[in-house]
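> In full-length UniProt numbering, the protein residues as written are 1 to 325.
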Ligand code: TYM
């Protein structure tokens with residue numbers, strides 16, 4: 001299996017990023033090839049004119065992923081912008097992309113609807129993502145449900161390229177975990193930075209984490225009344241952290257009555273603290289050791305470039321260009 005995925009450094013990672021994607025990166029890192037990258041070229045579509053912010057977010061992203069269990073001895077971790085081969089493949093794919101494919105792109109439509117400048121970068125964002133995936137012969141792409149459309153576009157482009165130029169590119173598949181493909185936020189909608197409903201993996205203090213959890217929206221069933229756990233956001237989020245037995249125990253407390261949502265939130269808070277506790281400690285260590293983080297990224301980029309050059313040479317000869325290596 002050749003696994004690849006990317007994540008944008010547009011701020012701190014939240015529970016949706018973790019349970020929808022990062023957890024799977026780590027589970028799949030023992031695959032024959034496991035490439036994970038910080039999508040800073042994609043982040044250029046939202047963070048502009050703030051070089052320090054972008055560099056800081058990228059560094060934080062690397063520290064977060066390593067703290068959460070990404071092992072650089074197994075997986076290859078790199079910054080997208082350190083692999084220039086990507087933009088060459090991007091051009092090759094641009095030339096065969098029909099516009100209607102991009103008109104349907106939901107990220108573009110959504111951002112445009114929110115009044116963000118709709119430039120060509122945003123419009124062609126899915127083609128850059130296709131280049132990310134196709135450059136390394138990836139066959140498995142762990143992502144949340146919101147990225148499935150982009151993987152479909154990638155498959156379409158690879159198939160079209162192969163149709164025109166002959167068998168060159170590998171068609172990948174999205175790997176989405178059904179139960180966690182769409183994690184809800186504090187308001188019950190999909191957790192997303194743009195909705196302001198996120199809970200970060202590394203909230204700066206336990207107090208801030210508790211405050212966010214206490215603010216999760218619930219209905220107004222009185223404390224003494226029985227409550228239905230399924231469909232309640234606190235319970236839905238608790239399921240991410242708990243095994244079957246723990247879930248059943250909390251469900252029983254909901255249904256018995258006499259338990260307020262505040263108690264359920266406290267249970268969720270404690271579960272989250274336990275779950276991410278070790279990563280918090282690892283994170284503190286890594287923050288003191290930024291040279292190691294930079295070394296990991298540099299070594300990762302070298303490996304990614306080597307594999308990328310191989311695939312790009314196939315593309316170059318298919319097109320009629322000289323091979324590079
Ligand atoms: P990004 O940076 O928005 O999100 C990173 C990953 O987190 C997942 N995710 C969620 N999963 C479940 N529930 C949620 N509420 C939730 N919110 C976010 C996303 O599905 C994603 O897997 N375009 C990509 C980055 C990218 C990429 C790639 C991904 C660039 N090139 C190549 C895969 C392969 C993005 O914006 O993800």
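Idealized CB from N, CA, C, for every residue including glycine.
From a predicted model like this one, the values you see are computed outputs, not experimental measurements.
Hey, is the stretch 30-41 in contact with the stretch 73-85, meaning 3+ C-beta pairs nearer than 8 Å?
With a cut-off of 8 Å, the stretch 73-85 and the stretch 30-41 count as touching, because enough Cβ pairs lie within range.
> Considering only residues of the stretch 54-80, which uninterrupted beta strand (DSSP E) runs meet the minimum length of 3 residues and lie entirely inside it, listed in chain order?
List check, beta strand (DSSP E) in window: 76-79.
> Using three-state DSSP, classify residue 19 as helix, strand or coil.
If DSSP states are grouped into helix, strand and coil, residue 19 belongs with the helices.
> Taking 8 Å as the limit between beta carbons, can you name the residues of its chain near residue 210, skipping five residues before and five after?
Correct list, in chain order: 269.
> Per DSSP, what kind of secondary structure is residue 319 in: helix, strand or coil?
Reduced to three states, the DSSP call for residue 319 is helix.
> Confirm the yes/no value for this check: CB of residue 53, any heavy atom of the ligand TYM, distance under 7 Å.
Every heavy atom of the ligand TYM is 7 Å or more from the Cβ of residue 53, so no.
> Quick one: give me the first and last residue of the alpha helix (DSSP H) that residue 280 is part of.
Note, residue 280: alpha helix (DSSP H), 261-287.
> Quick one: Cα of residue 146 to Cα of residue 8, how far?
Between residue 146 and residue 8, the C-alpha separation is close to 14 Å.
> Starting from residue 183 and walking both ways along the beta strand (DSSP E), at which residues does that stretch end?
Looking at the DSSP string, residue 183 is not in any beta strand (DSSP E), and its letter there is neither H nor E.
> Mapping DSSP to helix, strand and coil, what is residue 141?
Note: residue 141 maps to strand in three-state DSSP.
> In the DSSP assignment, the beta strand (DSSP E) including residue 33 goes from what residue to what residue?
Residues 33-38.
> To which residues of the same chain is residue 258 closer than 8 Å at the C-beta, ignoring the five residues directly before and after it?
Cβ within range, chain order: 223, 224.
> Express the C-alpha separation of residue 279 and residue 69 in angstroms, rounding to a whole number.
Taking the straight line joining both Cα atoms gives about 8 Å.
> Is residue 180 a contact residue of the ligand TYM, with contact defined as CB to any heavy atom under 7 Å?
Yes, the beta carbon of residue 180 sits closer than 7 Å to at least one heavy atom of the ligand TYM.
> Here's the rule: buried if 16 or more other CB atoms are within 10 angstroms of the residue's CB, otherwise exposed. What is residue 245?
Exposed, by the Cβ-count rule.
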